[in-house]
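Trainee: For the sequence shown, the positions run 29 to 414 when the working numbering is used. For glycine and all other residues, C-beta sits at the position ideal for the given N, C-alpha and C. The structure presented is a predicted model; accordingly, all values stated were derived computationally and were not measured. I have a structure here, written as structure tokens, and I will follow up with some questions on it.
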Amino acid sequence: MDLSRLAPLLPAKRHGSLTPRTTPTETEIPSRAYPSTSLVMHAQAVVTLQRRACITVIALVLSASPTAHAAQPTTKISRLTAWLEGQPGGSVGPVRFGPSDLGGAGSGCGAFATRDLRVGELLLALPATALLTVGPDDELQSLAELVGDRAALAGTLARELLRGDASPLAAYTACLPRNLEADDEAMHPLWWTTEELAFLRGTSAAREIRALKAEVQSLTRQLTAGVLAGEVATHGEAAVRAAVLDAYVSVLSRSFELTEEFGFPVPSPAAGWGEGTALIPLLDLLQHSGAGASVGYAYETSAEGRTLLIARAKGACAAGTELCLDYGAHPDFVFLTHYAFVPRLGEQLASCYTVLRLDACEAAGASELGMGAPMVREPIEWANEI
Numbered sequence: 029m030d031l032s033r034l035a036p037l038l039p040a041k042r043h044g045s046l047t048p049r050t051t052p053t054e055t056e057i058p059s060r061a062y063p064s065t066s067l068v069m070h071a072q073a074v075v076t077l078q079r080r081a082c083i084t085v086i087a088l089v090l091s092a093s094p095t096a097h098a099a100q101p102t103t104k105i106s107r108l109t110a111w112l113e114g115q116p117g118g119s120v121g122p123v124r125f126g127p128s129d130l131g132g133a134g135s136g137c138g139a140f141a142t143r144d145l146r147v148g149e150l151l152l153a154l155p156a157t158a159l160l161t162v163g164p165d166d167e168l169q170s171l172a173e174l175v176g177d178r179a180a181l182a183g184t185l186a187r188e189l190l191r192g193d194a195s196p197l198a199a200y201t202a203c204l205p206r207n208l209e210a211d212d213e214a215m216h217p218l219w220w221t222t223e224e225l226a227f228l229r230g231t232s233a234a235r236e237i238r239a240l241k242a243e244v245q246s247l248t249r250q251l252t253a254g255v256l257a258g259e260v261a262t263h264g265e266a267a268v269r270a271a272v273l274d275a276y277v278s279v280l281s282r283s284f285e286l287t288e289e290f291g292f293p294v295p296s297p298a299a300g301w302g303e304g305t306a307l308i309p310l311l312d313l314l315q316h317s318g319a320g321a322s323v324g325y326a327y328e329t330s331a332e333g334r335t336l337l338i339a340r341a342k343g344a345c346a347a348g349t350e351l352c353l354d355y356g357a358h359p360d361f362v363f364l365t366h367y368a369f370v371p372r373l374g375e376q377l378a379s380c381y382t383v384l385r386l387d388a389c390e391a392a393g394a395s396e397l398g399m400g401a402p403m404v405r406e407p408i409e410w411a412n413e414i
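Set out below in structure tokens:
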């Protein structure tokens with residue numbers, strides 16, 4: 029087993045992605061997101077004893093230095109930027125894209141201000157043609173009504189991935205992670221091997237991954253026998269299955285909810301805008317900040333009368349500042365299984381349980397939790413289901 033594959037995820041791995049959901053998965057039970065202090069302490073003590081035999085191995089895995097999350101090559105980002113600026117109303121403001129500064133080495137791709145920014149300064153403008161959504165007339169729309177927007181969008185993206193350079197969104201799909209690239213992008217848990225997933229056994233993360241895998245398998249069966257049957261005939265079932273899984277990873281880790289519930293009523297269906305889950309090029313590269321977003325986005329009408337999705341600076345910032353979004357406050361197991369990274373310990377209100385992680389607390393902190401011995405460099409599982 030290649031243990032080094034697990035190292036980049038914990039604790040400071042970042043992924044240029046966003047899914048702003050109140051409840052990020054249908055399988056998550058919100059009431060289980062915040063265990064009591066006594067339950068957490070009991071869970072830790074029990075698991076520490078149960079896992080003592082493999083502490084050395086897990087410590088080596090979790091304490092290894094992160095390897096670089098493969099930032100998209102400059103040529104791909106340049107091609108995507110040029111493509112976006114070629115769309116009616118599309119534009120890219122004073123923003124550059126490169127390796128993120130958040131979390132140090134291995135933090136992935138990030139967005140940076142190229143000069144001092146004013147409050148409300150325009151950073152990105154995207155027309156409906158630049159977004160990937162399930163169109164109102166798309167045959168996958170009926171699937172959305174049955175299995176949800178997320179699954180339907182994964183089917184839409186899988187179709188575009190299989191089209192390759194022939195896809196009208198090829199400049200964007202070329203920037204999305206693919207498991208077949210066999211690099212650090214493949215660190216999303218949906219791409220982990222059975223042996224690697226065994227490290228999560230007994231945690232909420234394991235339960236979540238099982239549910240997500242079942243969702244992908246069900247979706248794949250429906251798509252290969254239905255909407256994507258033509259692609260199966262052209263590319264083969266194995267290629268279609270791989271494309272659906274890759275697409276699902278991107279939708280799960282990078283999509284946005286453009287719904288009225290999140291303040292995004294459909295601006296103009298006749299102009300190609302839809303309501304639901306969407307993939308938004310370039311905006312999905314912004315990293316997560318538990319301190320709050322420095323970029324906001326909303327529908328606006330341009331001087332030419334076009335409806336655009338506009339991203340603006342929420343506050344003034346200096347040149348070189350990394351621009352961020354807020355993915356929401358979720359348990360660590362949600363960050364791991366959806367976004368393929370875990371925030372630093374204590375960065376999130378809901379942090380510090382339900383996944384195997386390397387604890388960086390001070391010895392005094394361990395005493396306060398009643399553990400006695402220092403927790404520094406000690407792998408601990410904070411689990412809900414003991």
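1) So, R340 versus D312, is the Cβ gap smaller than 8 Å?
2) To the nearest angstrom, report how far apart W111 and L154 are at their CA atoms.
3) Take L159 and list the residues in its own chain whose beta-carbon comes closer than 6 Å to its own, dropping the five residues that flank it on each side.
4) Which residues in the same chain as L314 place their Cβ atom closer than 8 Å to its Cβ, once the five residues preceding and following it in sequence are excluded?
5) For Y200, report the span of its alpha helix (DSSP H) as first-last.
6) For a quick check, are the C-beta atoms of L168 and G121 less than 8 Å apart?
7) Which whole-angstrom value describes the C-beta separation of Y200 and L337, a residue pair presumed to lie in contact below a C-beta threshold of 8 Å?
8) Taking its Cβ as the centre, do 16 or more other Cβ atoms sit within 10 Å of E332, making it buried, or is it exposed?
9) Using only alpha-carbon positions, find the residue among T184, Q115, L152 that is nearest to E328.
10) For I105, which three-state DSSP category applies?
11) If T365 and L240 are in contact, beta carbons under 8 Å, what's the gap, nearest whole angstrom?
12) Assign G258 to one of two classes, buried (16 or more other C-beta atoms within 10 Å of its C-beta) or exposed (fewer than that).
13) Leaving aside the five residues before and after R269 along the sequence, list all residues of the same chain whose C-beta is less than 8 Å from its C-beta, in chain order.
14) Rounded to a whole number of angstroms, what is the C-alpha to C-alpha distance between L130 and A226?
15) Counting C-beta neighbours from all protein chains within 10 Å, is the total for V147 16 or more, i.e. buried, or is it exposed?
16) Excluding the 5 residues flanking G118 on each side, which residues of the same chain have their C-beta closer than 7 Å to its C-beta?
17) Going by beta carbon distance, what residues of the same chain come within less than 6 Å of Y276, once the five residues before and after it are set aside?
18) What three-state label does DSSP hand H263 in the structure shown?
Mentor: Taking the definition as stated:
1) Position 312 of the sequence shown, counted from the start, is the residue given in the question as residue 340. Position 284 of the sequence shown, counted from the start, is the residue given in the question as residue 312. No, they are not a contact pair.
2) Here residue 111 refers to the residue found at position 83 of the sequence shown. Here residue 154 refers to the residue found at position 126 of the sequence shown. Approximately 11 Å between the Cα atoms of the pair.
3) As a first step, residue 159 must be located in the sequence shown, where it is residue number 131. Closer than 6 Å at the Cβ level, and outside the excluded window around L159, lie A306, I308.
4) As a first step, residue 314 is located in the sequence shown; it is residue number 286 there, counting from the start. Result list for L314: G44, L46, G138, A139, V323, L351, C352, L353, in chain order.
5) Locating residue 200 in the sequence shown gives position 172, counting from the first residue. 198-201 is the span of the alpha helix (DSSP H), which, as asked, contains Y200.
6) Here residue 168 refers to the residue found at position 140 of the sequence shown. Here residue 121 refers to the residue found at position 93 of the sequence shown. No, the Cβ-Cβ distance between L168 and G121 is not below 8 Å.
7) Locating residue 200 in the sequence shown gives position 172, counting from the first residue. Locating residue 337 in the sequence shown gives position 309, counting from the first residue. About 14 Å; that fails the 8 Å criterion.
8) Against the sequence shown, residue 332 aligns to sequence position 304. Label assigned to E332: exposed.
9) In the sequence shown, the residue the question calls residue 328 occupies position 300. E328 has its Cα closest to that of L152, out of T184, Q115, L152.
10) Counting from 1 along the sequence shown, the entry for residue 105 is found at position 77. In this structure, I105 counts as helix in the three-state DSSP scheme.
11) To locate residue 365, count along the sequence shown from 1; it is residue 337. To locate residue 240, count along the sequence shown from 1; it is residue 212. The pair is a contact, with the Cβ atoms about 6 Å apart (cut-off 8 Å).
12) Your numbering for residue 258 matches position 230 in the sequence shown. Label assigned to G258: exposed.
13) Here residue 269 refers to the residue found at position 241 when the sequence shown is read from its first residue. Counting only Cβ-Cβ distances below 8 Å, and skipping sequence neighbours, we find T248, T252.
14) The residue labelled residue 130 in the question sits at position 102 within the sequence shown. The residue labelled residue 226 in the question sits at position 198 within the sequence shown. Roughly 29 Å between the two C-alpha positions.
15) For this step, residue 147 is matched to residue 119 along the sequence shown. V147 should be labelled exposed.
16) Taking the first residue of the sequence shown as position 1, residue 118 is located at position 90. Once the five neighbours on either side are set aside, the close Cβ partners of G118 are L112, A153, L154, P155, A158.
17) As a working note, residue 276 is residue 248 in the sequence shown. So the qualifying residues of the chain are A182, V244.
18) On the sequence shown, residue 263 is found 235 positions in, with the first residue counted as 1. Looking at H263 - three-state DSSP - the assignment turns out to be helix.
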